[in-house]
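Student: Let me begin by handing over the structure; questions about it come next.
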Amino acid sequence: MLIGEVARRSGVSARMLRHYDSLGLVHPTGRTGAGYREYSGDDMRRIFHIESLRSLGLSLSEIGRALDDPAFEPAQLVDDLVRRTRDRIARETELLTRLRRIGAAEPADWEEVLRAVALLRALGSESAGRRQRAALSSATGGPVPAEALAEAALSETDPVVAGALRWALARSEDGGLGLLAEGLGSPEAQVRTRAVRSIAGMSGAEADALLREALTDSEAAVRRCAALALGTRGVADAAPTLIDMVVQEVNDVDAADALSVLARDPASAARITTELVGRLGRAGTGAPARRRLAQALADIPGPAASRALARLSRDADRGVALTAAYVVALRDAR
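The opening position of the sequence shown corresponds to residue 2 in this note's numbering, with each subsequent residue numbered one higher.
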């Protein structure tokens with residue numbers, strides 16, 4: 002077959018076939034009576050082999066080696082193609098994510114687009130200082146890709162930068178709550194904890210609902226973060242976790258403060274007192290835990306709390322008794 006017929010049957014342009022010929026990939030092996038070069042059946046099969054390998058992403062030089070090198074190992078080349086394809090997909094996914102976030106910020110002009118691009122690059126910097134400056138600067142001027150801030154907050158390990166990101170998120174238009182909600186479903190407890198800390202800085206029913214969901218997390222650290230945030234918001238569901246924190250001496254001062262906020266509601270105060278007194282009566286509640294429970298009872302109003310403190314002022318452990326007596330004196334003075 003002449004080159005025009007080969008091009009029609011193979012779908013490869015005549016120009017590309019000449020290019021293959023110049024590279025030595027496939028030469029027409031026959032000649033017509035008029036002296037024109039003619040492609041044989043084997044030549045056609047080689048063209049189809051070339052096109053098949055091109056569809057896998059191989060370069061023409063790689064295809065030449067694959068077809069002509071007897072020692073060629075296809076498995077190794079396929080593994081390399083898999084790696085390169087994954088890298089390309091990762092780069093393109095990153096670009097798509099960046100474009101989507103810039104679009105979500107609804108920039109009004111190219112200056113805002115460029116500012117968003119600069120912010121995204123700075124948030125991905127290896128320098129903690131640069132990431133912090135980017136988070137702080139995001140609160141001034143122009144729309145901010147809130148999802149970018151949220152993603153950065155979920156992955157940030159530097160506590161100072163994480164604090165700046167949470168501050169920026171709380172001031173952004175939507176706070177990136179959608180991505181933070183996805184963070185609560187992460188298999189990594191640290192990511193879920195970061196999500197809760199970020200959500201804790203936001204107000205509104207949606208943020209409250211996400212924090213309530215985190216109260217049932219399998220990881221204690223996640224539950225505790227959610228309980229502290231909900232307690233200060235007056236959500237009574239946080240009380241059991243807060244009391245656990247007091248007993249276990251985990252952020253017990255903050256937990257006691259949150260319990261005092263909850264106790265402003267008389268019904269909640271009664272339930273909290275009942276639970277605290279119940280913990281005091283449990284077998285195995287040591288003197289340090291009883292002392293912390295006495296401190297937690299200090300700001301819980303009502304006669305039941307006062308009676309529990311009076312009993313603790315006669316505790317066998319001198320430290321517990323002195324703590325309770327001091328708290329009773331403070332309550333009497335008030």
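No residue lacks a Cβ here, since even glycine has one placed at the ideal position from N, Cα and C.
Following the continuous alpha helix (DSSP H) through H28, name the residue where it begins and the one where it ends.
Tutor: No alpha helix (DSSP H) holds H28; DSSP gives it neither H nor E.
Student: Where does R172 sit, in a helix, a strand or coil, going by DSSP?
Tutor: Here R172 sits in helix by DSSP.
Student: Could you spell out the range, first to last residue, of the alpha helix (DSSP H) harbouring F49?
Tutor: G42 to S56
Student: Would G184 pass as a contact of A165 if the rule is Cβ separation under 8 Å?
Tutor: no
Student: Which full runs of the beta strand (DSSP E) of 3+ residues lie inside the stretch 97-142, going along the chain?
Tutor: Not a single unbroken stretch of the beta strand (DSSP E) spanning 3 or more residues falls wholly within the stretch 97-142.
Student: Considering Cα atoms alone, identify which of M246, G285, A284 and S307 is closest to A270.
Tutor: Nearest option by C-alpha distance: S307.
Student: Give the list of continuous alpha helix (DSSP H) stretches no shorter than 4 residues that lie fully inside the stretch 236-312.
Tutor: 240-249, 253-263, 267-282 and 288-298
Student: Taking only the alpha-carbon atoms, compute the straight-line gap between V278 and G177 and give it to the nearest angstrom.
Tutor: 41 Å
Student: Could you tell me the alpha carbon to alpha carbon distance between L18 and R92, rounded to whole angstroms?
Tutor: 32 Å
Student: Excluding the five sequence neighbours on either side, which residues of its own chain have a C-beta within less than 6 Å of the C-beta of A169, listed in chain order?
Tutor: A136, S139, A140 and L150
Student: Between the stretch 235-248 and the stretch 208-226, do at least 3 Cβ pairs fall closer than 8 Å?
Tutor: yes
Student: For my contact list, A288 and V321 are in at a C-beta cut-off of 8 Å; report their separation, rounded to the angstrom.
Tutor: 5 Å
Student: In the DSSP assignment, the alpha helix (DSSP H) including S199 goes from what residue to what residue?
Tutor: A190 to A201
Student: Grab the span of the alpha helix (DSSP H) containing V13 for me, first residue to last.
Tutor: That residue, V13, is in no alpha helix (DSSP H); it is neither H nor E in DSSP.
Student: Taking the alpha-carbon positions, what's the V223 to V162 distance?
Tutor: 20 Å
Student: Assign R38 to one of three DSSP states: helix, strand, or coil.
Tutor: strand
Student: Considering only residues of the same chain and omitting the five flanking positions on each side of F49, which have a CB-CB separation below 8 Å?
Tutor: S11
Student: Helix, strand or coil: how does DSSP classify G184 here?
Tutor: helix
Student: Is A76 near the ligand HEM - that is, is its Cβ less than 7 Å away from at least one heavy atom of it?
Tutor: Among the components modelled here there is no ligand, and therefore nothing to report on the ligand HEM.
Student: Quick check on V79: buried or exposed, where buried means 16 or more other Cβ atoms within 10 Å of its Cβ?
Tutor: exposed
Student: In whole angstroms, give me the CA-to-CA distance for L181 and C226.
Tutor: 14 Å
Student: Our contact map puts T274 next to A299 with C-beta atoms below 8 Å; I'd like the distance itself, whole angstroms only.
Tutor: So it is not a contact: roughly 12 Å between Cβ atoms.
Student: Among the residues of its own chain, which have a CB less than 8 Å from the CB of M203, if the five just before and after it don't count?
Tutor: L170, A171, G176 and L178
Student: Do L313 and A325 have their C-beta atoms within less than 8 Å of each other?
Tutor: Taking 8 Å as the cut-off, the beta carbon of L313 is found closer than this to the beta carbon of A325.
Student: What are the boundary residues of the alpha helix (DSSP H) that includes S219?
Tutor: Run containing S219: none; DSSP gives neither H nor E here.
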